[in-house]
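In what follows, a single structure is set out as structure tokens and then discussed.
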Amino acid sequence: MRPVPHSSPFMWFLVTVMALIPTQFILLYSAVAGKPYQWISNLIRQYFLVKWIVRASVFYVYSQCTFREHATYQYYVLYLTSWCSNVLVAYIKLVSDERQSKMIKQIGCQHVILFGKLFYGELFHNQHCASSDRMRALFPAVFAVLALYTPIIPSLIPRERVAISRCGIGRNGRQINLATNHFKVSVNAPDAVFFQYNVLIKSENNQEVEGRRFRRKVMDKLYRTPTFQLDGKCFAFDGGKALYTVGSLPLKKLKYSVELDEAAVKRSGSPDLIGMETFCIRSKTFKVKISFAARIPMKPIALALNGLEAENTGDALRVLDTILRQHAAKRGCLLVRQSFFHDDFSGSVSVGEGVTACRGFHSSFRTTQGGLSLNMDQSSTMILTPGPVLEFLLATQNVSNPCAIDWEKASKMLKNLRVKTRHNNMEFKIIGLSEQVCNDQRFLLKKRNGDSSKEETVQITVYDYFQSRKIPLTKSRFLPCLDVGKVNGPIYLPLELCSLLSLQRYTKALSSKQRVSLGEKSKLLPHTCMQIVKGAVRDCCYGDDPMFKPCGISIEGHSTVCIGRVLGPPKLIFGRREGYTPRGGRWNFNGKKLYNANEIKNWAIVNFSTHWDMKQLSQKLISCGASKGMSIRRPLSEIEEDLEWSNAGPVERVEKMFETLCEQVEAKGIVLPDFILCLLPEKKCCNIYGPWKKKNLHEMGIITQCLSPTEINDQYLTNVLLKINSKLGGKNSLLADEHIPNLPHLKDTPTMILGMDVSHGSPGQSDAPSIAAVVGSTHWPLFSTYRASVRTQLPNMEMIDSLFKLEQNEQDVGIIRELLLEFFESTRGRKPEQIIIFRDGVSESQFPQILNIELEQIVKAVEYLGCTRIPKITLIVAQKNHHTKLIPYGSTSNPPPGTVVDTQIVHPRNYDFYMCAHKAEINIVHSLCYVYQRGTTATSIVAPICYAHLAAAQMRQLIKFDASSDSSPSHGVTSAGSVPVALLPSLHNKVKSSMFFC
């Protein structure tokens, strides 16, 4: 056998083939693992498949020439060809789905696998596999098979959906000039390039340093170090692992040692060490490694100035936003995502219970049709009210006497908070409270005996220690002390000597009283808000930032003025086919009848220990219903809760109330009511609400309406009747275009409207499951009635994963199937030919996931039901929590209802618009803001999204109390990985098709 040739093509081929070995196993594993490894199929599609098939062909020809008689080389060629076969197998398994031909999935895979086995058999079991004749016989067959499957590969590639580009602007409505909180940005150096570097910071014990604030301190000290090689450049550091410069650093890899001098306290457990005389300096050394990561050109920003959107504009914008955050950090601001908050409390408001709403500003760069702009808006975050710790504890527990403080709750509240001492102006972090009060809490104190150099250890109380230091204590003698030391080395401080530092975030959910207080105290006129924002842009002096100057970035001081349009409100139809055109986005039912009022025959009232007279309430409700065209008979039962049960748990109270109801019904020889009016002792936060709703909607199948009135008048009762009528299947009002179908593109084509939302747990409840809710319209051509379907999913998961869901028996139990069947039944056998989806709660970065994950599930659900033609689907994302504000130019009021902006400040490519429908093709969106059956005001977002949010919120109440109990018979637990997710109780068949969420 001749030696292996050492030509460069051959050596390149040898290294390449050997590198394919681990790749082959990864690809085959991905074919088995399925969707979690879908990204691997993209690699196959874009890189491996075509590239390596071509290379196999080239090597085949090459082997027939120079090295065709060399056995080792033929082994390599044979292996490469079999590898290509396996790649094709993996590819077909990954990208084929239910829509692909069975012939492709079965016969095609079998052919390729057969050839792969043939090659492996020749390679490992036939000693004569090196024969050039055998090789020449095999290769044509191999490439014949590959050529056979090449035409079908494009059909297997799933297309990625992208948002449509703007196809024009609207013309309807009267024009209006609007001032915005966008500020034009100019770039005079469009060819500048940002260089991104990775930053790794480790301590002396080689552990990576966490905490953005501390990492910033290290990098600030490094910047002031003379040896730091920046070539006169400045940098922007995000506090994490990314550092940006304009132009490159001298070297691609840099290493530095940084020493931080910080105030420290010897941890020996003695308050004596808190005194200034024992104050010491401790030096800490940190290792900083900086390595080159990427080049980020400014060219996409320049394109944005012309209203164009480049592919990597987001990278350049991220750098600019990092500069904004660093600018705020250097001013000592608290950073919360894209917002910053200064400790100037002139605009802050107290919401009670030791919590303050701190006002700050949101700032971010955005690409718009008019070019690059800075979006500046007022923002707020909740912080703990700074000041004396004792006053804070009194406020949080709503007591006036320190003796009434619950110290166990106080210890949990104070843990990890930062305080500053009054007597020596030092900062500490609280780890807990002392076990005894200040007058009794003892510690060991080392002190010198006269002039002797010897030290002796004595026991002394915290109170006596501070008295001996001439530090008077007037309030803390009989109160616990703060422990600011370590677990094995406590350091005690009297409460009255400590004050909470400012800008410490409060991350728990606000109580109902706090929310009301925040709403009342934070109201500002639109013109005032705009003036505050303009002042903030002027005071920040962004133009002087050393990172912006090299880029030639300048920001105008005056806000952008754009042109909007005001659409007219849609006409509504009430009872007796009376038409009415809302004014200012509002209407009422004074002198009007409900469009389709449901008669209430079999109903009851229950009262959970409230002071309201049930007979008087029922009489007023019956009278109000009559004036609105709603016939309400007298209630069959009026049940007062027994006072002995008023202090029992919420579940026990609900069960006892139903026992009493069943006893009365049985005694009267009647059936259970179809509707129950429930009076609750507290509004919103009542703990009876969840168990009561679960008992009715899950177990009994009874529609219920809960009340907690502070005042009962005609307006209040009218609003209650609107909710009751909607839940019972009635219609309060219709669009005139629904009454006589006249909506363009919808009147002649069966159309289904979906509203989708995901509700997450409250702040501090990270383990609470997320609730995905979807509502679908029924009874086309009407768009005022909806059916809801709700599921739980992993905490904080935004993508809905149960739109299409196959069980082990291959049955679809997903959300969309339920809604499609309901549409089919309510329209007497019609299938939707187009679906309009309104999705709430997603950011721009999640648009591709919505288009390629959720939309794909919806398509699969439609196909599963046997639809041969996929409906036309329109997906609209509604974003309410954006930071763009509009006010009429030269006015102090809000924009009129129906205001639409689709030019200048909108996205340069995507089809988006701003709409102010409440106090807008866009016409259907505007009209759907007027079909909200619970009220008499146009909603800020379309009604389907409001309903989805209501359904998610109400179903969360059904599992709220199950989460606090050890077991629950009403629902099981599903597991996604190792994280258990509670299943929602299923709705009773009697109520699942109703608008129970109204």
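Here the sequence shown is numbered in full-length UniProt numbering, starting from 1 and rising by one per residue.
Cβ atoms here follow ideal geometry from the backbone N, Cα and C, with glycine treated the same way.
Close Cβ partners of residue i (< 8 Å) along its chain, the five nearest in sequence each way excluded
i: I639; result: A604, I605, V606, N607, M657, T660, L661, Q664
i: H779; result: T785, S826, T827
i: A952; result: D757, V758, S759, I771, A772, A773, V790
Residue j beta carbon less than 7 Å from that of residue i
i: N742; j: N732; result: no
i: R477; j: Y463; result: yes
i: K694; j: P871; result: no
i: G629; j: A597; result: yes
i: K252; j: K289; result: no
i: F341; j: G360; result: yes
i: L886; j: P895; result: yes
i: M752; j: F824; result: no
i: N852; j: E160; result: yes
i: R171; j: V566; result: no
i: Q954; j: F913; result: no
i: L928; j: G564; result: no
i: K221; j: L249; result: no
i: K415; j: G701; result: no
i: V437; j: F428; result: no
i: V319; j: F194; result: yes
i: T899; j: C916; result: yes
i: E435; j: K446; result: no
i: C678; j: T704; result: yes
Beta-carbon proximity list for residue i, same chain, < 7 Å, skipping 5 on both sides
i: A357; result: S348, V349, V351, S380, M382, L518, S522
i: G690; result: Q957, L958, K960, F961
i: G552; result: V187, N188, A189
i: P750; result: W780, T827, R830, K831, P832, E833
Cβ shell of residue i (< 6 Å), same chain only, five flanking positions each side left out
i: I431; result: D483
i: S802; result: R791, G814, I815
i: C234; result: P546, M547
i: L782; result: E738
i: T239; result: Before going further, note that residue 239 is Gly rather than Thr in the sequence given. Hits under 6 Å: R212, R215, R216.
Residue from the options whose Cα sits closest to the Cα of residue i
i: T322; options: Y542, L958, R839; result: Y542
i: F365; options: L317, G173, S627, L501; result: L317
i: T936; options: T385, K885, G584; result: G584
i: V931; options: A736, S891, T710; result: A736
i: Q459; options: F292, Q705, Q441; result: Q441
i: R633; options: I676, G370, E666, K593; result: I676
i: G841; options: S759, Q765, S766, F804; result: S759
i: S373; options: K284, T180, D912, L594; result: T180
i: L393; options: H926, C498, G890; result: C498
i: L746; options: K727, I835, C706, L697; result: I835
i: T560; options: T884, N809, W407; result: T884
i: C201; options: D757, G168, A242; result: Checking the sequence, you will find Ile at residue 201 rather than Cys. Of D757, G168, A242, the residue nearest in Cα terms is A242.
i: V162; options: V906, Q846, A951; result: Q846
i: A788; options: L320, N809, K992; result: K992
i: T421; options: M413, P494, N713; result: P494
i: V720; options: L594, S637, G332; result: L594
Per DSSP, the bridge partner or partners of residue i
i: W780; result: DSSP lists no partner for W780.
i: M915; result: V900
i: T367; result: L372
i: Y492; result: D483
i: Q793; result: S770
i: Y256; result: V288
i: G579; result: I573
i: A294; result: Q196
i: A242; result: N198
i: A878; result: D840
i: W603; result: F675
i: C946; result: Paired residues: none, contrary to the question.
i: Y786; result: S777
Any chain B beta carbon closer than 7 Å to residue i
i: W780; result: Within the model displayed, chain B is absent; a lone protein chain is all it includes.
- Message: Across the stretch 611 to 620 and the stretch 583 to 595, are there enough close Cβ pairs to call them in contact, namely three or more that are closer than 8 Å?
- Response: no
- Any 3 or more C-beta pairs closer than 8 Å across the stretch 384 to 403 and the stretch 490 to 507: yes
- Message: Under 8 Å, with one C-beta from each stretch per pair, do the stretch 766 to 777 and the stretch 945 to 954 reach the 3-pair mark?
- Response: yes
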